[in-house]
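The structure appears below as structure tokens.
Protein chains in written order, with the numbering used here: chain R, 1 to 188; chain C, 1001 to 1287.
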């Protein structure tokens, strides 16, 4: 129970710091016509480290906080970020991925899902904003910047959360039984 | 045990998705003074001091990143000045920031005098946040209703018009920039008095605006200055006082046709705002 509270506390602080940093610092640093977006990276990292349930709840809360702080339509960011957190958690639960390419590849997918998902919902809500090529360029730049930041952000989130993460015997057992033989080999 | 955890996970996911959809539907359907917006304003009352503190605390970090950008542009000098740079970096960062603030505030003062904005009760404010979404062009400022700010008030910076106040809490406010897709500013060309409405040319483009609804055979030239027109109508009063500079015409598409598009570049760098002024007094004599 204490461990669970400890993790919740750390996740709450992480979400708060992430949103405050994004809107007061990172959003103002324009690089090659785009800005990095820490929010999907942090939600992705939490999903990969804590699992689908924590990822989804964390994404929902961070999205709500972001929408409230920026006077956006409530629910849009929550919906997208909970999806990112949940899918990242499912990837972790089902595949138990290891290696640097997972956060890197995940960052690209999460950022594109975040930006394009936002666009699609805006269109569904009938927001009459003409779309220019600048948006595509900004989306591309943001995705590239996020890929550059993916590994450091993942490492920081992991070092912040690891002391509060419960030991996962299922994960250790699975790794122990799957690292040497493939399922086909084991069946023989 | 496994089935139970899967069921629990799916239930939580379903609950969260339904919550999002309820929030979205309720927010989209409610009026400007609705409950959810009140929650947003109340929440911002609480977090705006945190944002303001973080913005101030992180200013050296922003200045440092900006300083690195300038340094990269001057590659040739880097080697020569490296030793000196290391020793003086902190001092330079602080001095540059102070000088830029000084120049910015001086330019705003000069603009106030030149355009007679003193009559409109300008109130200085610092930009404390930028909306990261490409769909919205908004910034947060560190002044709110306790400083006399109300929704609809025009916001200017040195150079010209920035936008209007959209949402206000006690200690902060959200400014919708003129490049936001919801913005429309009654405007005219300074030289030939061609009237129109300045709107965003597309989401996510901070350097391009369009003067729409101009008469088809109106004469507008590249480099013409566009300013706010105020309004002569007592029924549909403009939020913006007359003669505030907006931008300069960069190109005209389908000139002379009914659908001509007059593109302009705003005078103010809307992605580099640090200080703005809110015009808190409406001067009816000018309308």
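Cβ coordinates follow ideal geometry from the N, Cα and C atoms, glycine included.
Query                                                                                                             : Result
Length-filtered (4 minimum) alpha helix (DSSP H) runs lying within the stretch 1112-1173 of chain C               : none
Alpha helix (DSSP H) runs wholly inside the stretch 60-117 of chain R, at least 4 long, in chain order            : 76-95
Same chain only: Cβ atoms within 8 Å of residue 165/R, ignoring 5 sequence neighbours per side                    : 7, 49 and 50
Cutoff 6 Å; reference residue 154/R; Cβ partners in own chain excluding five residues on either side              : 45 and 103
Within-8 Å CB hit, residue 1044/C to chain R                                                                      : yes
Interface flag, residue 23/R vs chain C, CB-CB below 8 Å                                                          : yes
Same chain only: Cβ atoms within 6 Å of residue 53/R, ignoring 5 sequence neighbours per side                     : none
Endpoints, beta strand (DSSP E) assigned at residue 1212/C                                                        : 1209-1212
Residues from the stretch 1102-1118 of chain C in contact with chain R, defined by Cβ distance under 7 Å          : none
Partners in chain R for residue 1213/C, counting only beta-carbon separations shorter than 9 Å                    : Going along chain R, no residue has its Cβ under 9 Å from residue 1213/C, so there is no contact; the nearest lies around 15 Å.
Status (buried if at least 16 other CB within 10 Å, exposed otherwise) for residue 1048/C                         : buried
Amino acids of chain R, ordered along the chain, whose beta-carbon sits closer than 9 Å to that of residue 1174/C : 70 and 71
Short-range partners of chain R found in the stretch 1128-1156 of chain C, where Cβ spacing is below 8 Å          : 1128, 1129, 1130, 1131, 1132, 1133, 1134, 1135, 1136, 1138 and 1140
CB of residue 87/R within 8 Å of CB of residue 15/R, strictly                                                     : no
Endpoints, the alpha helix (DSSP H) within which residue 1186/C is located                                        : Counting along the chain, residue 1186/C falls outside any alpha helix (DSSP H), though it belongs to the beta strand (DSSP E) covering 1184-1189.
Cβ-Cβ distance between residue 1187/C and residue 1270/C below 8 Å                                                : no
Three-state class that DSSP yields for residue 26/R in the structure shown                                        : helix
Presumed contact (8 Å Cβ cut-off) between residue 1212/C and residue 1197/C, rounded CB distance                  : 5 Å
Residue 169/R versus residue 114/R - alpha carbon distance                                                        : Low per-residue confidence applies at residue 169/R: pLDDT is 48, beneath 50, and the placement is therefore not dependable, though the value from the model is reported in the following sentence. Approximately 33 Å, taken between the alpha carbons.
Cβ-based neighbour list, residue 10/R, same chain, cut-off 7 Å, excluding 5 preceding and 5 following             : 160, 161 and 164
Residue 1098/C at chain R interface by Cβ criterion, 8 Å                                                          : no
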